[in-house]
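Step one of this worksheet: look at the structure below.
Residue numbers (the working numbering): 353 to 625.
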């Protein structure tokens with residue numbers, strides 16, 4: 353794939369016809385040469401992808417995008433590196449929202465998933481269905497690889513779970529594309545990757561220079577804040593409460609029904625209906 357639009361917004365773009373994992377492939381590339389901040393590696397056929405907590409991320413070839421971007425020197429000032437998954441989720445949100453009609457909202461389910469929901473369902477706290485997951489990996493030199501898996505053209509009958517969707521299955525405008533391999537799909541993929549990468553690099557710079565502005569954007573894109581949630585903590589502890597806000601490191605602040613608050617830095621969050 354030429355990635356014409358993407359190459360205008362990143363210093364280097366690498367397209368692979370197939371890769372076990374774009375995060376792993378970019379990590380190996382970093383070891384072999386000095387790659388600049390913003391280097392991007394992508395494929396539409398990731399054969400051994402994984403998500404948070406080592407979960408598998410498997411999609412039919414040609415219908416989803418696996419994208420990894422190298423972020424250097426993040427957290428030297430401004431927001432810390434723990435904000436990167438949330439900022440990446442906001443970048444994906446900005447790239448995908450224009451594909452959906454009014455009434456369908458793309459947003460971030462804490463800490464690292466991008467969902468789309470019908471705003472008619474917003475009052476019951478449902479986050480909608482998952483479009484994308486984010487996985488960040490820190491390198492020995494402090495750089496971070498931000499990996500994003502975008503369900504783009506997966507038809508409804510091939511979705512991996514009943515909690516997942518794709519831009520196509522959720523009613524997004526894909527311009528008649530069926531797979532990334534066809535001309536319409538290639539144009540769509542390049543447009544999405546370019547928009548995502550440009551916004552991620554913009555937000556990384558904003559987080560350093562204007563951290564409060566970057567934080568406000570993350571809050572605006574959150575589908576979790578204000579919702580009743582069930583937090584599955586390490587050690588099989590389960591706590592219910594209302595998601596109230598984010599603390600300085602991006603951890604989730606939950607109001608407990610018995611009074612007091614819980615700060616969640618690690619764990620799964622389930623939205624309660």
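For glycine and all other residues, C-beta sits at the position ideal for the given N, C-alpha and C.
Values in this document were obtained by computation on a predicted structure and should not be read as measured data.
Residue 489 to residue 470 span [Cα, whole Å]: 32 Å
Contact under 8 Å by Cβ, residue 545 with residue 422: no
Whole-number beta carbon distance between residue 504 and residue 481, since they are thought to touch under 8 Å: Actually they are not in contact, since the Cβ atoms of residue 481 and residue 504 sit about 14 Å apart, beyond 8 Å.
For residue 549 and residue 430, believed in contact at Cβ under 8 Å, the rounded distance: Not quite, the Cβ-Cβ distance comes to about 20 Å (not below 8 Å), so this is no contact.
For residue 579, the nearest candidate out of 595, 446 and 588 (CA to CA): 595
Residue 310 vs residue 413 beta-carbon contact at 8 Å: The displayed coordinates of the chain run from 353 to 625. Any statement about residue 310 would go beyond what the structure contains.
Touch test, the stretch 582-596 against the stretch 553-568, Cβ-Cβ under 8 Å, three pairs minimum: no
Contacting residues, own chain, Cβ-Cβ under 8 Å from residue 428 (five flanking each side not counted): 560
Own chain partners of residue 460 with C-beta closer than 7 Å, once the 5 adjacent residues on each side are dropped: 438, 441, 442, 445, 466, 573, 574 and 575
C-alpha distance - residue 527 paired with residue 534, whole-angstrom precision: 12 Å
Nearest-angstrom Cα separation, counted from residue 384 out to residue 453: 44 Å
C-beta atoms of residue 542 and residue 375 nearer than 8 Å: no
DSSP-derived helix/strand/coil call for residue 405: Reliability fails at residue 405, whose pLDDT of 49 lies under 50, so the model's placement of it is uncertain and no value is given.
Beta-carbon contacts of residue 486 that lie in its chain and below 6 Å, excluding the five residues immediately before and after: 437, 440, 441, 464 and 500
Residue 546 Cβ short of 7 Å to the ligand GDP heavy atom set: The model on display carries no ligand, and the ligand GDP is accordingly not part of it.
Distance, residue 420 Cα to residue 552 Cα: 11 Å
N- and C-terminal bounds of the beta strand (DSSP E) containing residue 615: 613-616
Uninterrupted alpha helix (DSSP H) stretches inside the stretch 377-448 (no shorter than 4 residues): 436-448
Identity of the residue in 394, 370, 416 and 625 nearest residue 516 by Cα: 416
Identity of the residue in 386, 369, 426 and 435 nearest residue 600 by Cα: 435
Residue 532 versus residue 607: straight-line alpha-carbon distance, rounded: 44 Å
For residue 362 and residue 620, the rounded distance between their alpha carbons: 33 Å
Separation of residue 522 from residue 566, as counted between CA atoms: 28 Å
Ranges of the beta strand (DSSP E) found wholly within the stretch 491-522, counting only runs of at least 3: 496-503
Cβ-based neighbour list, residue 369, same chain, cut-off 8 Å, excluding 5 preceding and 5 following: 395 and 397
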